[in-house]
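Q: Residue numbers (our numbering): 567 to 663.
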Amino acid sequence: MSTLHVVSHSPFTDNRLQSCLRLCGAEDAILLCGDGAYALQPASAPCQALQAKGVRVFVLAEDSQARNLLVPAWAGSIDYPAFVQLSIDYDKVNTWL
567 MSTLHVVSHS PFTDNRLQSC LRLCGAEDAI LLCGDGAYAL QPASAPCQAL
617 QAKGVRVFVL AEDSQARNLL VPAWAGSIDY PAFVQLSIDY DKVNTWL
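Here it is as structure tokens:
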């Protein structure tokens, strides 16, 4: 069963992203939004962990733009309609509050 994991908190202030990565399966994906987009800071430990995990990673375009973050080639930049579509495409949605 596939899960879309939504992470909205900065990986530099708590361990939600680390917990998410431990639970992510091969069929899962991670959507970074809000301060969660900071996980894409180049050469940072969170960015390297995301890439090493090998799951699909998405970021809300407006959140990466607001934080002046470049989206790496291995991650997808999406808008809100695409977020809704992801929520439909995956069996479950888990928001890391």
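The C-beta atom is built at its ideal place from N, Cα and C for all residues, glycine as well.
Suppose you measure from the CA of Ser585 to the CA of Gly620; what does that come to, to the nearest Å?
A: What you label residue 585 is simply residue 19 of the sequence shown in a count that begins at 1. What you label residue 620 is simply residue 54 of the sequence shown in a count that begins at 1. Cα-Cα distance, rounded: 16 Å.
Q: Tell me whether Phe624 is buried or exposed, calling it buried when 16 or more other Cβ atoms sit within 10 Å of its Cβ.
A: Along the sequence shown, one-based indexing puts residue 624 at 58. Looking at its Cβ environment, which holds 16 or more other Cβ atoms inside 10 Å, Phe624 is buried.
Q: If you draw a straight line from the C-alpha of Ser610 to the C-alpha of Phe649, how long is it?
A: For the purposes of this step, residue 610 is taken as residue 44 along the sequence shown, with counting starting at 1. For the purposes of this step, residue 649 is taken as residue 83 along the sequence shown, with counting starting at 1. If I take the Cα positions, the gap works out to 25 Å.
Q: Candidates Arg582, Pro577, Leu597: which alpha carbon is nearest Gly642's?
A: Taking the first residue of the sequence shown as position 1, residue 642 is located at position 76. Nearest C-alpha to Gly642: Leu597.
Q: Could you pull the start and end residues of the beta strand (DSSP E) that Phe517 belongs to?
A: In the structure as shown, the chain starts at 567 and stops at 663, and residue 517 therefore has no counterpart that could be examined.
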